[in-house]
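Enquirer: What follows is a single structure, and I will ask about it in a moment.
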Amino acid sequence: MPDAALYLAIVMMIALNLYALMGGADYGGGVWDLFAVGKRAQEQRDLIAGAIGPIWEANHVWLILVVVILFSAFPAAFSLLSISLHVPLTLLLLGIIARGTAFTFRKYDSHKDHVQRRWGRIFAVASLITPVLLGISVGAISQGKISADITGKTFAEVYIAPWCTPFCFAVGGFALALFSFLAAVYSTVYAPTDELRTDFQKRAVGAQLACAMLALLVFVLAEGSAPGLRESLANSSWSILLQAATAVCAISSLIALFQRKFHPARFFAAGQVTLILWGWGLAQYPYMIRPEMTINNAQGAASTQTLLLGAIASGAVLLFPSFYFLLKVFKHKIEQPISK
Amino acid sequence: MSDLIFARAQMGFSLAFHIIFAVAGIALPLMMVIAEALWLKTGDEIYKSITKRWARGTAVLFAVGAVSGTVLSFELGLLWPEFMKWAGSIIGLPFALEGYAFFTEAIFLGIYLYGWDKVSKSMHLLSGCIVALSGALSAVFVVIANAWMNAPVGFKLVGNVATEIDPIMAMTSPAAFPQVLHMLIAAYAAIGLLAAGVHAFLLLRDKQNVFHRRALGICLALGCTMALAEPLSGDILAQMVAHTQPIKLAALEGQFDTMRGAPLRIGGLPDVDKRETPFSIELPKMLSVLAFHELDAEVKGLNDFPRDVWPPVLLVHLNFQIMVACGVIMGLVSLWAGALYAKTKKLPDSTVFLKTLVCISPLGLLAIESGWMVTELGRQPWVIHGVLRTSHAVTPMPGLWLPFTTFLFVYIALAVIVVALLFREFSHSLDPVKESDHA
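One line per chain: the protein sequences are X and W, in this order.
Going from the first sequence to the numbering used here is simple: count from 1 and add 12.
Position 252 of the second sequence, counted from 1, bears residue number 238 in the numbering used here, the numbering being contiguous throughout.
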């Protein structure tokens, strides 16, 4: 039987997955807020705000869950990550603050145009930058330049070099493209009018093309920057199957988009992002932070891990129905027009 | 200044900022559901207006609290990686449970705020109750984690390493119950009387305004009860501190010599070089009574401890004085409110009383801030009392003045915006007819 540490790592992956599918789409929504153009720009913005509104506070929690599991169950990994990625993580926090507060202030501040535009701009720009920083951090733990031994090293070697590489920035761009893609596809489902659906259909196709190009770029750059990850992605027994499945999802979602079958498009888009994330997770296994920290040598007390697993399992029994209820109450009404 | 000081300052103002939104997230939802229950019971639409107004306040404050709380969970690592490496396994559990409480709060707040016409009336009220309850539970779990730092249990120290870790036992630190009780009551008292001040201010302009009269009634009922209960929880807390952290008690009282029948000091400026606390009014034997419930109990003085484990005595003592003074004033005003109500059986609304409410409205938050200063400064130089020094817990990252300055400016800007938004929200409310515009 695998030990608690592995199960906890799997829970973290699930939380990351949900964060990408839901929180990620919120970031993507902000991106489309920034690039809302044409005569329906305001309608596009309203659609995005309406879809994010009731849910966003809840989506935050997936990231918190990852952080809490990390520091409770893998304290050494949390500590190392916090030191070596201090700079991008701090910037990530500033992005999260700017995004969350500007979104709320926009809703509750005066509805005069210039006030709304100011909050909207902050929300949108922060939505653009934050996913890139998330991607950079994921890239950094994959490429293997993070070491716990910092004696005698310069500031740049310890705090900048682990993440300031073309590979990490490519992963950041890839994350941004994926989130924007998700948001655009989801919006085709929620859009109340055909014109709006077409707007987001175009955006989704464009974002999907960007995803494809950035995926290729990440894979090419990985050869020099993250050889361990790439080796595992390219040559493991599972990887061919997984990559084929990812490609099928990606192409199916494109086809569904062209055929204006938006519900299947959403299903395949979510599948695509999920498979990419688990592909990364499998390729990264057993490492948490390459090249030194694995699931085994980062783990803390076994008693804590067992309890944590129990707490998560019993909490999930309570929370998933509540969360489902929340989604059901709100998304149902918005979806009415298209299902008729 | 050193990087350690910048790290402590950044953590300090991040917490000081977050705690305001956290306590609002505990107390405001309770007030909101009380108003809603009154609306459902009486059918009086004014109560519905009050509910919606407070719900809008809750929404803004919760959003900022959620964000500043997320920031804190990262800052634990960004600023104190060695602490988290050491303690993560031991106190991770309450943080995980807090995460659940927060999640529950977020889910049901979403339903509450956006679901007025989407769920049934009783489901709506139930959602509000869950928000209020999970807000309080969040505080319980976070304060439990902090209590462990003050009186650590649930592990065995072998050399510098913690072994035989028992996270459940770690949640049962002797400091846990007294700290949680003191914090929760403080939250209800502070926010109840703060909101009372706001409504009193607006009533002064228009005393017959029914909206503010009813709102003030709810605020006073909650705030005054809690302000009167707070000294009792303070007594339980003081005894715990006396037993588990005698040096903290000595610092907050400015007590240098170990003595039997130690006096309680009001005011005074502890001088660590001369090792005395001049300019104070001393109430003979009262410290022994309060800390140990015995006239001649021995109170340990700072001189019994090595100089290098003293907390910053002057700051701890002054903050303690501020906290107690605020609490006493709030308690007295609450007694006055109770006496007025007992005499007239109606809402106390004399101009003097309302003006007093306005004046004392910030004192609850001031007491909470200074109370946390007492707890945190009083534990220095330790981050985990007697186990790990703060200076050993800090990140090796240099140049911490930069994140310190950046976050300071961001938080100041956020504070200004939130205050401006809330002020507008409430100054609009002189005319309750307009309430219906705000769905």
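C-beta: ideal position from N, C-alpha, C; glycine also.
In this text the structure is predicted, and so the values were computed from the model without any measurement.
Could you have a look at residue 31 of chain X and say whether DSSP puts it in helix, strand or coil?
Expert: helix
Enquirer: Kindly indicate which three-state DSSP category residue 303 of chain X falls into: helix, strand or coil?
Expert: strand
Enquirer: Under 7 Å, CB to CB, which of the residues in the region 160 to 177 of chain X have a partner in chain W?
Expert: 162, 167, 171
Enquirer: Check whether the Cβ atoms of residue 32 of chain W and residue 200 of chain W lie closer than 8 Å to each other.
Expert: yes
Enquirer: I need the boundaries of the beta strand (DSSP E) containing residue 251 of chain W, first residue and last residue.
Expert: That run of the beta strand (DSSP E) goes 250 to 253.
Enquirer: Using 8 Å for Cβ pairs, my map puts residue 66 of chain W next to residue 380 of chain W. What's the rounded Cβ distance?
Expert: Confirmed, Cβ separation roughly 6 Å.
Enquirer: Could you name the residues of chain W that residue 338 of chain X contacts, counting a contact when the two beta carbons are closer than 7 Å?
Expert: 93, 96, 97
Enquirer: How is the alpha helix (DSSP H) around residue 108 of chain X delimited, first residue to last?
Expert: 98 to 120 is the span of the alpha helix (DSSP H), which, as asked, contains residue 108 of chain X.
Enquirer: Flag residue 84 of chain X as yes if its beta-carbon sits less than 8 Å from any beta-carbon of chain W, otherwise no.
Expert: Residue 84 of chain X belongs to the set of residues whose beta carbon lies under 8 Å from a beta carbon in chain W.
Enquirer: Does residue 361 of chain W get closer than 8 Å to chain X when you measure Cβ to Cβ?
Expert: no
Enquirer: At a cut of 8 Å, does the region 83 to 93 of chain W reach the region 118 to 137 of chain W through at least three beta carbon pairs?
Expert: yes
Enquirer: CA-CA distance, residue 61 of chain W and residue 145 of chain X?
Expert: Rounded to the nearest angstrom, the gap between the Cα atoms of residue 61 of chain W and residue 145 of chain X is 16 Å.
Enquirer: What residue ranges within the region 295 to 364 of chain W form continuous alpha helix (DSSP H) runs of no fewer than 4 residues, ordered along the chain?
Expert: DSSP runs (the alpha helix (DSSP H)) wholly in the region 295 to 364 of chain W: 299 to 330, 337 to 346.
Enquirer: Going by CA-CA distance only, name the one from W:266, W:298, W:174 that's closest to residue 234 of chain W.
Expert: W:298
Enquirer: May I ask you to list the residues that DSSP assigns as paired with residue 148 of chain W?
Expert: As a beta-bridge residue in DSSP terms, residue 148 of chain W pairs with W:143.
Enquirer: Residues in the same chain with beta-carbon distance under 6 Å from residue 128 of chain W, minus the five sequence neighbours each way, listed in chain order, please.
Expert: 84
Enquirer: Ignore the nearest five residues each way along the sequence and tell me which others in residue 142 of chain X's own chain have a CB closer than 7 Å to its CB.
Expert: 39, 104, 107, 108, 111
Enquirer: Does DSSP put residue 368 of chain W in a helix, in a strand, or in coil?
Expert: strand
Enquirer: Closer than 8 Å, CB to CB, is residue 103 of chain W near chain X or not?
Expert: Residue 103 of chain W is outside the set of residues whose beta carbon lies under 8 Å from a beta carbon in chain X.
Enquirer: Any idea what DSSP makes of residue 258 of chain W, helix, strand or coil?
Expert: Residue 258 of chain W: coil per DSSP, three-state reduction.
Enquirer: Please confirm whether residue 31 of chain X has its beta-carbon closer than 8 Å to some beta-carbon of chain W.
Expert: no
Enquirer: Check each candidate in X:314, X:326, X:341, X:29 and name the one with the smallest Cα separation from residue 149 of chain W.
Expert: X:314
Enquirer: Using the Cα positions of residue 255 of chain W and residue 242 of chain W, report the straight-line distance between them to the nearest angstrom.
Expert: 12 Å
Enquirer: What separation, rounded to the nearest whole angstrom, lies between the Cα atoms of residue 138 of chain X and residue 178 of chain X?
Expert: 21 Å
Enquirer: Using a 10 Å radius around the Cβ and a threshold of 16 neighbouring Cβ atoms, would you call residue 100 of chain X buried or exposed?
Expert: buried
Enquirer: Consult DSSP for residue 278 of chain X and reduce its assignment to one of helix, strand or coil.
Expert: helix
Enquirer: Helix, strand or coil for residue 280 of chain W per DSSP?
Expert: coil
Enquirer: Would you mind working out which of W:305, W:322, W:368, W:324 sits nearest residue 354 of chain W, comparing C-alpha positions?
Expert: W:305
Enquirer: Taking only three categories from DSSP, how would you classify residue 383 of chain W?
Expert: If DSSP states are grouped into helix, strand and coil, residue 383 of chain W belongs with coil.
Enquirer: I'd like to know if residue 341 of chain X contacts chain W, where contact means its C-beta is closer than 8 Å to some C-beta of that chain.
Expert: Closer than 8 Å: yes.
Enquirer: Taking 8 Å as the cut-off, decide whether the C-beta atoms of residue 28 of chain X and residue 73 of chain X are in contact.
Expert: no
Enquirer: Taking beta-carbon pairs under 8 Å, can you tell me which members of the region 90 to 103 of chain X lie near chain W?
Expert: 90, 91, 92, 93, 94, 95, 98, 101, 102
Enquirer: Consult DSSP for residue 266 of chain W and reduce its assignment to one of helix, strand or coil.
Expert: strand
Enquirer: Take the Cβ of residue 200 of chain X as the centre, count every other Cβ of all protein chains shown within 10 Å, and call the residue buried at 16 or more, exposed below.
Expert: The residue is buried, with at least 16 neighbouring Cβ atoms inside 10 Å.
Enquirer: Identify each residue in the region 43 to 54 of chain W for which the Cβ-Cβ distance to at least one residue of chain X is less than 8 Å, and report them in chain order.
Expert: For the region 43 to 54 of chain W, which is checked against every Cβ of chain X, the residues closer than 8 Å are 45, 46, 48, 49, 50, 52, 53, 54.
Enquirer: Using only CA atoms, which one of X:183, X:175, X:102 lies nearest to residue 230 of chain X?
Expert: X:183
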